[in-house]
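One rule links them: number in this note's numbering = place in the sequence shown (from 1) + 551.
Idealized CB from N, CA, C, for every residue including glycine.
Since the structure is predicted, the reported quantities are computational estimates derived from the model, not experimental observations.
Taking it in order: structure first as structure tokens, then the write-up.
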Amino acid sequence: MERPQNLEDALSPSAMMEETAGLAAEDAGLTKAALAKVDRIVVVNSVGRGIPNPTAALAKRLGAESCDQLLTITGGNTPQMLVNHSAEAIASGEVSMVLLAGAEALDTVLKARRAGVRLDWDEGEFVEPRLLSTEKSPSSRMELAHDMMAPINTYPLFENALRHHYGRSFESHQAALGALCAPFTEVAANNPFAWFPIRRSAEEIATASTENRYIGYPYTKFMNAIIRVNQSAALLLTSEAKARALGIDPARFVYLHGCADANDIWHVTERLNYHSSPAIRAAGEQALGMAGKTIDEIDCFDLYSCFPSAVETARDMLGIAEGDPRPLTVTGGLPYFGGPGNNYVMHSVAAMMVRLRESPGEFGLVTGNGWYLTKHSLGIYSTTRPTADFVRTNPQILQEKIDAVEHPRSVASPTGSATVETYTVLFGRQGEPERGLIIGRLDDGARFIAFTPTDDALLKNLTSESPIGRRGGVCQEGTTNLFEFA
């Protein structure tokens, strides 16, 4: 974490990664010079990365130019997916030591832009980065037309569906959201690397105010991930034989016992429903099976927490009861620790390592989530040495099963009578409701997205009375759709 006094002295993302890579080596009892010998460096793509090829820049800074170099695509699941992928490569003998790193310096970038300061982060000329995989658009054309590219508009759709699924009133659900989030702030307040180390009460988080306005109903500002941070983290992975050859103290060893990667149905408008995740459920079963553990045998968690619905869905799909005393985060969560772009889970894995070293023999589970509860990666860790060889099941096998599940189709230009399946109300910066967003079903079962009329009385009513299950009519109006209640 960096809070520079002068923008001219602010570290670039590459410099931040160099620093955290050095700290990762130090944590293992190695010198920074040892990093010149890594077989592979993978950098997590960031929003404010500053240069086209941050992997090559980091490799140059570490004297590791000859190693294999990769850059990832977008996704909050990426760091855990990289651990899973790298562990498989190490187990197969493809590599013996891998450095994973990522950094977000968006706070510096935005401050510099506002102040008219040019950041001198030039690292020289590098070839185009080699991507770990190909990027895929996260949203359909219809979803993009209705502003669903923005997570702040999409995750509230899951939340209102969850409230309806739980059978709660608006008031009781809002209180439950506050109770879910407050312990995250406690962890963040005790984390020296947190961007917002502030304890907040459940009531403070749940209650809309001038400082805590609604963003997308029912989420207040204090429930939203904050990407405007300067944070970096790095992980060093080796085979056990390599670690011993390097003289790393076995007391520092943390093992990956189980893992899994899976995607839910890609487009939000084609999901099975909005209160579950078949991919998290299946990936959880696979990771636990690989580790030889049940969910009751896991001592602590770090559930991805960009928004409360991500935590609730993962909790429910993994079989963790609401109110379970085990901590759901060891890091603090993206709204409170900070949400460094795609790299938060690098921090949560590092925090889990610290936690498990302090409690040898315990097991911890980390989840990562990309886009809109779309891409999922899980890892189960412990200082206990595994009794079996590391064998990762091909993720494609699990993916084919998830993709084969029958799910609703979506239509871009709906017409006719329909029913509301879930919804949200989008708020402006002045704290006033601006527009309603509906996901609904036509009478033949097809899904659609639509805006509601921008009527003040209607929008206020949607924050006090649930429209889920209500009937109305939908039609195309220009490039978007319009839903009007019967």
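In the DSSP assignment, what residue or residues form a beta bridge with residue i?
i: Y932; result: L807 and G915
i: N781; result: A656
i: V881; result: Paired residues: none, contrary to the question.
i: D853; result: V917
i: Y770; result: G767
i: N814; result: K926
i: G991; result: V971 and F999
i: M648; result: T789
i: L823; result: None; L823 has no bridge partner.
i: L682; result: L622
i: S540; result: Because the chain here runs from 552 to 1037, residue 540 falls outside it and cannot be looked at.
i: S961; result: R998
i: R795; result: Note: R795 sits in no beta bridge, so no partner.
i: R986; result: L977
Would you kindly check if the distance between the Cβ of residue j and the Cβ of residue i is under 8 angstroms?
i: R877; j: D853; result: no
i: R992; j: F1002; result: no
i: I931; j: L907; result: no
i: A663; j: L670; result: yes
i: V649; j: R719; result: no
i: H636; j: H716; result: no
i: A566; j: F677; result: no
i: T606; j: P680; result: yes
i: P1018; j: C857; result: no
i: G644; j: W922; result: no
i: A753; j: A726; result: yes
i: L558; j: L622; result: no
i: R803; j: A615; result: no
i: A666; j: M568; result: no
i: P630; j: V595; result: yes
i: L766; j: S684; result: The question names Leu, yet the displayed sequence has Ile at residue 766. Contact: no.
i: Y768; j: T975; result: yes
i: L728; j: M774; result: yes
i: S899; j: F914; result: no
i: T519; j: I990; result: Since the first and last residues shown for the chain are 552 and 1037, residue 519 lies out of range.
i: S855; j: V881; result: Checking the displayed sequence, the identity of residue 855 turns out to be Tyr instead of Ser. Going by C-beta atoms, Y855 is not nearer than 8 angstroms to V881.
i: F747; j: M552; result: no
i: A710; j: T820; result: In the sequence as presented, Ala is not what sits at residue 710; that position holds Glu. No, Cβ-Cβ distance for E710 and T820 is not below 8 angstroms.
Check each candidate in the options and name the one with the smallest Cα separation from residue i.
i: E674; options: G718, P603, E722 and K662; result: P603
i: E686; options: A830, E1035 and W817; result: W817
i: D812; options: I799, A579 and M632; result: M632
i: D560; options: V660, R719, D698 and C810; result: V660
i: R822; options: L622, P984, P743 and A997; result: A997
i: I1000; options: E754, N704, A745 and N1012; result: N704
i: T925; options: Q950, P911, E570 and D940; result: Q950
i: N1012; options: V805, D995 and P984; result: P984
i: E639; options: W672, R943, G874 and T789; result: R943
i: T789; options: P769, Y855, P829 and V646; result: V646
i: N893; options: T571, N628, I749 and A776; result: N628
i: V805; options: R936, I641, V976 and Q981; result: R936
i: A833; options: K611, D867 and P911; result: D867
i: W672; options: L562, N775 and I989; result: L562
What is the residue span of the beta strand (DSSP E) that residue i lies within?
i: Y895; result: Looking at the DSSP string, Y895 is not in any beta strand (DSSP E); the run it does join, the alpha helix (DSSP H), is Y895 to E909.
i: N1032; result: T1031 to F1036
i: G627; result: First-last for G627: undefined, no H or E at that position.
i: Q1027; result: R1022 to E1028
i: Q556; result: Unbroken run through Q556: none, as it is neither H nor E.
i: R591; result: R591 to V594
i: D578; result: No beta strand (DSSP E) contains D578, which is instead part of the alpha helix (DSSP H) from P564 to D578.
i: L622; result: D619 to L622
Check for me: the alpha helix (DSSP H) holding residue i runs from which residue to which?
i: R980; result: From DSSP, R980 is part of no alpha helix (DSSP H); its letter is neither H nor E.
i: Q950; result: P946 to D954
i: D1007; result: D1007 to N1012
i: F1002; result: Taken as a continuous stretch (DSSP letters only), F1002 belongs to no alpha helix (DSSP H), being part of the beta strand (DSSP E) at R998 to F1002.
i: F858; result: Segment: none, F858 is in no alpha helix (DSSP H) and carries neither H nor E.
i: R714; result: P702 to Y717
i: L609; result: P605 to L613
i: L839; result: P829 to A842
i: L581; result: L581 -> no alpha helix (DSSP H), and no H or E assigned at all.
i: E729; result: This sequence places Gly at residue 729; Glu is not what is there. Element bounds for G729: F721 to A740.
i: A753; result: A753 to A757
Using a Cβ-Cβ distance cut-off of 8 angstroms, determine whether residue i contacts chain D.
i: R681; result: Checking the listed chains, one finds no chain D in this structure; it contains a single protein chain.
With respect to 7 angstroms, is the separation between the Cβ of residue i and the closest non-hydrogen atom of the ligand FAD below this value?
i: I831; result: Ligands in the displayed structure: none, and consequently the ligand FAD is not present.
Counting pairs of beta carbons, one from the region 955–975 and one from the region 1022–1035, are three or more of them closer than 8 angstroms? yes
Inter-stretch contact at 8 angstroms, needing at least 3 Cβ pairs: the region 773–785 / the region 566–577: yes
Three or more C-beta pairs under 8 angstroms: does that hold for the region 827–842 against the region 800–812? Taking 8 angstroms as the limit for Cβ pairs, the verdict is that the region 800–812 does touch the region 827–842.
Counting beta carbon pairs with one atom in the region 854–865 and one in the region 881–888, are three or more of them shorter than 8 angstroms? The region 881–888 vs the region 854–865: in contact.
Can at least three beta-carbon pairs, one atom from the region 896–913 and one from the region 758–770, be found at a separation below 8 angstroms? With fewer than three CB-CB distances shorter than 8 angstroms, the region 896–913 does not count as touching the region 758–770.
At least three beta-carbon pairs within less than 8 angstroms, the region 732–747 to the region 887–899: yes
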